[in-house]
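In this note's numbering, the protein residues as written are 1 to 323.
If you want it as structure tokens, here you go:
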């Protein structure tokens with residue numbers, strides 16, 4: 001007789017030194033959250049008023065995220081998938097689903113206002129992604145509760161401009177013909193969309209600032225973002241940049257001269273190249289007029305001259321003019 005899912009989860013969760021991340025999540029669900037894989041609780045769902053309050057707290061973020069949610073849904077909807085955006089506690093704030101599939105996902109509890117934290121549903125894509133702060137795929141019988149083993153969930157975390165976890169992006173499927181290989185393709189797109197939302201929200205969080213971006217060395221999906229104000233002070237950094245430069249892990253960034261960051265030997269090459277390219281592009285668009293280029297970059301002419309000197313961009317009398 002095949003082992004029941006509940007028994008397999010309970011057995012794998014017995015050891016305090018669970019050797020896999022999945023087993024560790026199962027154990028966390030049982031020991032930390034006091035859940036029983038054989039007795040799922042009644043699903044928790046917020047009232048319309050409670051959901052409206054949650055959305056209001058993140059209204060600017062949701063507005064930034066919606067175009068990416070729509071784009072992601074257009075890619076995955078032909079395969080019968082649902083797209084969800086949650087807050088940092090696992091409450092679903094936004095959903096995209098085909099009209100023909102909406103009732104099915106609603107029956108699963110995959111709808112706005114539902115709680116998909118690990119505390120509520122045990123191991124699942126949304127909850128485990130948020131609990132561990134990493135991209136996860138929970139495929140069918142990897143879920144904690146047997147009632148959820150018909151689902152495959154691909155999730156990626158979204159980090160706010162303050163370095164704190166702000167949301168999870170989820171694509172869920174109830175299709176039995178979706179293989180783990182197929183899910184891996186969807187998971188890659190979920191991660192890409194999550195990073196796009198993260199970057200877009202970072203940019204709108206620092207209006208008027210110049211945003212310098214660079215690819216983290218050895219990490220194709222990690223883009224470093226630094227917000228620099230008109231005084232050349234670094235006033236914001238995304239999570240990847242905070243980690244790369246040893247800045248405050250979370251919270252408001254202490255303003256500091258951008259040159260103190262960009263001038264470091266370790267990991268600064270990408271930023272310097274990005275800034276140099278931005279200055280050269282501005283000069284090219286202004287046909288060599290330094291004043292016009294400075295206005296386009298949102299800095300003073302003297303500031304631009306200092307940057308040109310620091311970046312090794314020499315003034316060529318034949319090409320550049322003071323304006």
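For every residue, glycine included, the Cβ atom is placed at its ideal position computed from N, Cα and C.
All values derive from a computational prediction rather than experimental measurement.
Item, Value
"Taking just the CA atoms, how far does residue 273 sit from residue 339?", "In the structure displayed, the chain extends from 1 to 323; residue 339 sits before or after that span and is not available."
"Using the rule of at least 16 other Cβ atoms within 10 Å of the residue's Cβ for burial, across every protein chain shown, is residue 290 buried or exposed?", "buried"
"What is the DSSP secondary structure of residue 182, counted as helix, strand or coil?", "helix"
"Decide if residue 5 is buried, meaning its Cβ has at least 16 other Cβ atoms within 10 Å, or exposed.", "buried"
"Using the Cβ count rule (16 or more neighbours within 10 Å means buried), how would you classify residue 86?", "buried"
"In this structure, what does DSSP give as the bridge partners for residue 139?", "152"
"Nearest-angstrom Cα distance between residue 126 and residue 144?", "13 angstroms"
"With burial defined as no fewer than 16 other Cβ atoms inside 10 Å of the residue's Cβ, what is the status of residue 157: buried or exposed?", "buried"
"What residue does the beta strand (DSSP E) around residue 215 start on, and which one ends it?", "210-215"
"So what's residue 243 in DSSP terms, helix, strand or just coil?", "helix"
"As a quick exercise: from 198, 201, 81, 297, pick the residue whose alpha carbon is nearest that of residue 175.", "81"
"Please state whether DSSP places residue 67 in a helix, a strand or coil.", "helix"
"Any idea what DSSP makes of residue 319, helix, strand or coil?", "Below a pLDDT of 50, predicted positions are generally treated as unreliable, and residue 319, at 48, falls in that range; the measurement from the model is reported next regardless. Residue 319: coil per DSSP, three-state reduction."
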